[in-house]
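To keep things clear, I will list the structure first and then write my remarks on it.
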Amino acid sequence: MDIKHIKYLLDIFEEAVEKRMGVYELADDEGDENRAAAECSQAKAELIKAIEQLAESKEHSSK
């Protein structure tokens with residue numbers, strides 16, 4: 001996986017986060033907004049971990 005693919009995945013993630021935050025902002029509830037922010041942070045961490053694992057597996061398979 002090259003950097004172009006990683007950037008594409010991050011763009012998709014960013015769009016999803018923006019949509020989710022928009023939905024929670026419409027709810028006009030601070031608790032919902034905080035929950036959405038926490039969910040987005042967790043999802044971002046999972047995405048980064050998956051990318052790192054993929055990069056690591058590619059590195060090991062190329063040796």
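Going left to right, the sequence shown walks through residues 1 to 63 as the numbering used here numbers them.
Just so you know, even glycine gets a beta-carbon here, dropped at the ideal spot from N, CA and C.
A Cβ-Cβ distance of about 6 Å is found for the pair Ala36 and Met21, placing them in contact under the 8 Å criterion. Excluding five sequence positions before and after Leu9, the CB atoms of its chain that fall closer than 8 Å to its own CB belong to Leu47 and Ile51, given in chain order. Excluding its 5 nearest sequence neighbours in each direction, His5 has no C-beta neighbour in its own chain below 8 Å.
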